[in-house]
Each structure stands twice: as C-alpha cells, then as structure tokens.
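J.: Okay, handing you the structure first.
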C-alpha cells in the first residue's frame, strides 16, 4: 500500500489500516509483477537483516560485513527456530508476498482497445513468484503445453511444469547470496522479452487474421506461448544444473 499511495504515510503499527488504497499514479503490469516478488529486503521486516558475516575484500586486508550467503528470505521454520535458539530475536518471521510454497500466480493484463485475442494476457508464473519467470498466455491461445496440465504441487513429477522451476529455485536458496543474481537476471530477461515482444505479437496476430483467418492467428498465439514457456524451462534447467555443480562439494 505504501508503494502505491506513499502520501498516505501508512504505518504498520497503526490501529487500523485501509483494506484498499487508490494508486497515486498509473500502475504498470510490471509494477504488479515487482510487488508479487516482494520479500521486504532492506526493510525492518527483512528476515535476513541480522544474519551478517565478515568477508575479506579481494587483494585487501579490510573486511566488510555482509548478509551471509547462506541466508535467504524463505528459511524454513526449523532453520528459524535453530537460529533463534542460538540467539533470541535473530530472525523475525514475517509473511512475505512471495512465498516458496506457491503453486502458481498470475498477473492479468486487460486492454480493451485491442482484439480480445491479444488484449487479454495472463502472465503466468509457477512456484515462488520471487524466483520464477512469467509466461504470457493470450486470450486467443487455444491450448497449453502438456506439462502445464500436470499437478506437481503435492508430489515430485519431472513431467509437471512446476518442477522445472521449483528444483532450481529450491537449490538457489541454499546459497542465495551466490545464486540470487543469476535468478534475478533471468527473471528480468524474460520480463523484458515479454514486454518488448508484445507489439510484434499483436501486429503478427492482426496480419494473420486478415490474410489467413482466425484459426491461423490463434495457432500463432498458441505457438508463441509454447515457445516462450519452453525457453524459460530450458533456462531454469540450465541454472539448476549449474547450481548442482556449484554445490558439488556440499551445501
């Protein structure tokens, strides 16, 4: 709420807080995506803020205090209990916006000045929205990759879409200080790709609709979604393999 309506000066400790607020400026679809990745890093509710270690600077005798590479926003209750058992109050447990047990999340973008087939886009993300890419599914998309229809939330299945992301995301949390940049960079890459290519998709759909008809135009949208999903899956598999190599000698 503070991000969207800062002039209200809302306080977490207030006796009452509004259920909703009116944004003070237009909210882009990418703004919503960013909000859903929120882990309160750098704030009073950052669960890793007290997990500091001293690190020697390369080619220098000086040391810098940094958050431990082993700390991450999604520590398990057992880990939090152990750390607080060593020193009470080390980790505060706060409900994050981006949670690791998430099955999927969506950001729905509606643009009434475009045809329904391209004006409505569901930006779909599997697993933790703080670590996973978003895949555009258009209103005119007629089918999804088979792996999207397989549930992997309550069991491990390599043919379920979610585990292509979850395997890598969970490995990344083991040494989040070392893996965070790779994950963040990949998420940003596919977010930029999706936004940058939207005008092309809209134009191509209209061209096919006029020249070859609705079926051909819908086939294009369906193929685009499948190709986009496939690219994200491949990247997350590659990162997962890289993380296994990084941790080959132990976590």
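Numbering (the numbering used here), first residue to last: 3 to 253.
Ideal Cβ positions, reconstructed from N, Cα and C, are used throughout, including at glycine.
(1) How many angstroms separate the CA atom of residue 164 from the CA atom of residue 14?
(2) For residue 124 and residue 108, which I take to be in contact (beta-carbon distance under 8 Å), what is that distance rounded to the nearest angstrom?
(3) State yes or no: is the C-beta of residue 112 within less than 8 Å of the C-beta of residue 204?
(4) Restricting to Cα atoms, I'd like to know which of 253, 4, 151 is closest to residue 174.
(5) For the beta strand (DSSP E) containing residue 66, name the first residue and the last one.
(6) Starting from residue 126 and walking both ways along the alpha helix (DSSP H), at which residues does that stretch end?
(7) Given this structure, state the Cα-to-Cα distance separating residue 97 from residue 247, to the nearest angstrom.
(8) Does the Cβ-Cβ distance between residue 43 and residue 75 come in under 8 Å?
(9) By Cβ distance below 7 Å, which residues in the same chain neighbour residue 238 in space, the five residues on each side in sequence not counted?
(10) Rounded to the nearest angstrom, what separates residue 34 and residue 68 at their Cα positions?
(11) Tell me the rounded alpha-carbon separation between residue 223 and residue 62.
(12) The beta strand (DSSP E) that contains residue 40, what's its start and end?
(13) Out of 3, 138, 119, point me to the one whose CA is closest to residue 232's CA.
(14) When the Cα atoms are used, what is the spatial distance from residue 45 to residue 178?
(15) Please state whether DSSP places residue 139 in a helix, a strand or coil.
(16) In whole angstroms, give me the CA-to-CA distance for residue 88 and residue 251.
(17) Specify the secondary structure class of residue 14 as computed by DSSP and reduced to three states.
(18) Could you compute how far the alpha carbon of residue 135 sits from the alpha carbon of residue 127?
(19) Just curious, the beta strand (DSSP E) that residue 54 is in, first and last residue?
(20) Could you tell me which of 73, 193, 120 sits nearest to residue 49, measuring between CA atoms?
(21) Can you give me the C-alpha to C-alpha distance between residue 41 and residue 28, rounded to a whole angstrom?
(22) Using the C-alpha atoms, what's the distance from residue 30 back to residue 219?
(23) Please name the residue, chosen from 77, 122, 130, 155, that lies closest to residue 143 on a Cα-to-Cα basis.
T.: Reading it off the structure:
(1) Spanning the two alpha carbons is a distance of roughly 34 Å.
(2) 5 Å
(3) Here residue 112 is not near residue 204, since their CB atoms are 8 Å or more apart.
(4) 253
(5) 65-69
(6) Segment 122-128 is the beta strand (DSSP E) holding residue 126; no alpha helix (DSSP H) there.
(7) Residue 97 and residue 247 have their alpha carbons spaced roughly 32 Å apart.
(8) yes
(9) 166, 167, 170
(10) 29 Å
(11) The alpha-carbon atoms of residue 223 and residue 62 are separated by roughly 55 Å.
(12) Unbroken run through residue 40: none, as it is neither H nor E.
(13) 138
(14) 18 Å
(15) strand
(16) 26 Å
(17) DSSP, reduced to helix, strand and coil, places residue 14 outside both helices and strands of the structure shown, so it counts as coil.
(18) 6 Å
(19) Per DSSP, residue 54 belongs to the beta strand (DSSP E) from 54-58.
(20) Looking from the CA of residue 49, the closest CA among 73, 193, 120 belongs to 73.
(21) 23 Å
(22) 27 Å
(23) 122
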